[in-house]
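**Q** Have a look at this one.
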């Protein structure tokens with residue numbers, strides 16, 4: 003499987019993502035950046051870290067179809083196979099509100 007481009011759904015999503023990243027400690031930040039980079043090589047990693055969301059979660063004007071777990075955080079994203087693109091939609095700390 004070839005590489006996928008990793009990007010954001012919109013400027014608003016990117017701004018929100020950057021705001022969440024700025025709140026993280028150095029260790030969590032490095033782990034999340036590693037996880038994001040790995041999504042380019044394998045957008046649907048095997049194992050318990052990745053989960054298809056049923057039903058998909060609305061984030062801004064997009065639908066998050068997948069989530070990947072990185073410690074206490076969840077990266078919500080979608081995969082556009084036609085354009086070989088991973089669309090990052092949200093970074094959230096795990097809580098009851100994460101999946102609403």
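In this note's numbering, the protein residues as written are 3 to 102. We treat Cβ as the ideally placed atom computed from N, Cα and C, and that holds for glycine. Values in this document were obtained by computation on a predicted structure and should not be read as measured data.
Taking C-alpha atoms, which residue in 91, 96, 93 and 81 lies nearest to residue 7?
**A** 81
**Q** Provide the residue span of the beta strand (DSSP E) that contains residue 48, from first to last.
**A** From DSSP, residue 48 is part of no beta strand (DSSP E); its letter is neither H nor E.
**Q** Would residue 74 be called buried (16 or more neighbouring beta carbons within 10 Å of its own) or exposed?
**A** exposed
**Q** Give the DSSP-derived three-state secondary structure of residue 65 in the structure shown.
**A** Reduced to three states, the DSSP call for residue 65 is strand.
**Q** Since residue 79 sits in a beta bridge, which residues does DSSP pair it with?
**A** 68 and 90
**Q** Please report the straight-line C-alpha distance between residue 97 and residue 76, rounded to a whole angstrom.
**A** 10 Å
**Q** Keeping to the same chain, check which residues put their C-beta closer than 8 Å to that of residue 14; ignore five residues upstream and five downstream.
**A** These residues qualify, in order along the chain: 62.
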